[in-house]
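Under our numbering, the first residue of the sequence shown carries the number 144, and numbering increases by one thereafter.
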Amino acid sequence: MKPTVLAPRSGLLLATAMLLAGCDGPQSALAPAGDGAERIANLFWWMLGGSAVIWALVLGLAAYVTRFSRGKHSLVASRWLIIGGGVVFPTVVLSALLIYGLMLIPALRTPEDVGMRIEVSGEQWWWRVHYPSPDGGGPIELANEIRLPLGERVAFDLLSPDVIHSFWMPSLAGKVDMIPGRTTELIVQPTRLGTFRGACAEYCGTAHALMNFQVVVMEPAAFERWLAHQAEPAQPPRSEIARRGLESFLANGCGACHAIRGTEADGRLGPDLTHVGSRLGLGADVLPNTTEAFIRWIGHTDRVKPDVRMPAYGMLPDDELAALATYLSELE
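Listed below in structure tokens is the structure:
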């Protein structure tokens, strides 16, 4: 039996479908959900259209010369074809696209009408996030998750204490580098509700590909309620197993690196865990936020995320790991 071979037309349709499938999703710059991403996507489509016009013209001229007019050409006609079609026309199109792209920059960078400033620090290999307190107190610290109010212009102050990272939320805005010793800025205005994915777009070490985060765009009223809840201290353990988990957390020195407001844990090296149970993922979106994932993360941290600075606690008994995981998962 002869092997089945796709017809050229079927292969083209399949390739087109696969290409278009990559233009959607929570991490697609071509499925914009923010003002900045919409402007960047429009620029992409205009550039694609301009390059397609230039490509079609060049191929058309080549076909005309080699297929339809094979005879001797006059010097004047040849000059028009080469200079007009090969130099003047591409220069005009590319210059127009350059001017259009430069015109977008002021709108993407102007800090006018900014409603809130959020500080994000890219660290190996997770994201430290500071929100202003709704009651005027100290900043609220979160990790690996950002929530934004729909329609509000938000400014991000971007920092890094170690190496160069690149902060990128493809569906919401462009990417901006986070440079040690400097503070860079990104302004975002979400235009669509939903959950989107962000990532580090600059190689920053072993676990670079595992340095992601979630962005949730909420209704303004829901966002205000969420932010007010994040400002509250952690709730006391609700069960006996969770109480044992808190005791284990403190006894094993976890509070030296992690803070849980409302307890003795006040570490600053690692992520703040005050409301870690309410987040969408663990370990910079490496694992889902479940009790089983907590057990895996605590017991086998180095296997889940190579070269992570948190030590693995696989030496703890299974029941103690379960108690720790239960306590942390209840911190909502």
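Ideal placement from N, C-alpha and C gives every residue a C-beta, glycine not left out.
So, residue i versus residue j, is the Cβ gap smaller than 8 Å?
| i | j | result |
| --- | --- | --- |
| THR444 | ALA427 | no |
| PHE299 | VAL257 | no |
| LEU301 | VAL263 | yes |
| ARG387 | ALA466 | yes |
| LEU336 | ALA180 | no |
| ILE183 | VAL236 | no |
| GLY348 | VAL306 | yes |
Indicate the three-state DSSP secondary structure (helix, strand or coil) for residue i in the structure shown.
| i | result |
| --- | --- |
| VAL148 | For VAL148, the predicted model reports a pLDDT of 46, less than 50, meaning its position is unreliable and no value from the coordinates is stated. |
| LEU471 | helix |
| ASP462 | helix |
| ILE330 | strand |
| LEU224 | helix |
| VAL419 | helix |
| ILE438 | helix |
| VAL297 | strand |
| VAL306 | coil |
| ALA316 | coil |
In the DSSP assignment, find the alpha helix (DSSP H) that holds residue i and state where it starts and stops.
| i | result |
| --- | --- |
| MET190 | 178 to 206 |
| ASP445 | 444 to 447 |
Could you please give the first and the last residue of the uninterrupted beta strand (DSSP E) stretch that includes residue i?
| i | result |
| --- | --- |
| GLY476 | What is shown of the chain runs 144 to 475, which leaves residue 476 out entirely. |
| GLN170 | Careful: GLN170 lies outside any beta strand (DSSP E) and carries neither H nor E. |
| VAL360 | 355 to 361 |
| GLY341 | 337 to 343 |
| PRO292 | 288 to 292 |
Hey, which unbroken runs of the beta strand (DSSP E) at 3 residues or more fall wholly within the segment 363 to 402? none
List, from N- to C-terminal side, the beta strand (DSSP E) runs of 3 residues or more that fit wholly inside the segment 228 to 277. 259 to 266 and 269 to 274
When the Cβ atoms of the segment 380 to 395 are set against those of the segment 297 to 317, are three or more pairs found closer than 8 Å? no
Determine contact between the segment 418 to 437 and the segment 272 to 291, defined as no fewer than three beta-carbon pairs at a distance below 8 Å. yes
Evaluate contact between the segment 315 to 334 and the segment 274 to 282, counting only Cβ atoms and requiring at least three cross-stretch pairs below 8 Å. Cβ pair count under 8 Å is below three, so no.
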